[in-house]
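Notes for the one structure printed next.
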Amino acid sequence: MGRPPKDSPKVLVTSRYDADIIERLRAKGDGWQTRMNDALRTYLMEHEL
Numbered sequence: 001m002g003r004p005p006k007d008s009p010k011v012l013v014t015s016r017y018d019a020d021i022i023e024r025l026r027a028k029g030d031g032w033q034t035r036m037n038d039a040l041r042t043y044l045m046e047h048e049l
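Note that the sequence shown covers residues 1 to 49 in our numbering.
So, in structure tokens, the structure goes:
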């Protein structure tokens with residue numbers, strides 16, 4: 001059966017980030033990719049590009 005589909009599915013991308021940024025996110029443990037996604041979402045909601 002599997003999981004039901006999400007309203008807004010994630011998209012797999014490949015990106016390059018500075019090592020210190022990834023280290024800080026990973027230092028908090030599991031869920032670092034979710035925290036990165038949340039931080040990017042917050043930034044984009046608060047700033048125009």
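Here a beta-carbon is modelled for each residue, glycine too, at the ideal position from N, C-alpha and C.
Looking at the structure shown, is residue i part of a helix, part of a strand, or coil, going by DSSP?
i   : result
M1  : coil
D20 : helix
T14 : coil
D38 : helix
E46 : helix
For residue i and residue j, what's the separation of their Cα atoms in angstroms?
i   : j   : result
M2  : P9  : According to the sequence displayed, residue 2 carries Gly and not Met. Going from the Cα of G2 to the Cα of P9 covers about 15 Å.
D38 : A27 : 16 Å
P5  : E46 : 29 Å
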